[in-house]
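To keep things clear, I will list the structure first and then write my remarks on it.
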Amino acid sequence: MKRAGRLVLRDLTDDQLKDIGLTRWEVREELGKSYFIE
1 MKRAGRLVLR
11 DLTDDQLKDI
21 GLTRWEVREE
31 LGKSYFIE
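First residue of the sequence shown: 1, per UniProt numbering; consecutive thereafter.
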């Protein structure tokens, strides 16, 4: 996932994340990834 996409996920509410099948924990893991891993 590209950095811009990760930043969008960061701002979603828990309900919005649930609607797309993600948890807050999964988003935190994704945000922690290095931008070198694209």
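All C-beta atoms in this analysis are idealised placements derived from N, C-alpha and C, irrespective of residue type, glycine included.
Secondary structure of residue i, DSSP reduced to three states
| i | result |
| --- | --- |
| Asp15 | helix |
| Gly32 | coil |
Segment limits, alpha helix (DSSP H) that includes residue i
| i | result |
| --- | --- |
| Leu22 | Note, Leu22: premise wrong, no alpha helix (DSSP H); not H, not E. |
Nearest-angstrom beta carbon gap, residue j and residue i [assumed within contact, 8 Å]
| i | j | result |
| --- | --- | --- |
| Arg24 | Leu17 | 6 Å |
| Arg3 | Val27 | At roughly 13 Å, the Cβ-Cβ gap does not stay under 8 Å, so Arg3 and Val27 are not in contact. |
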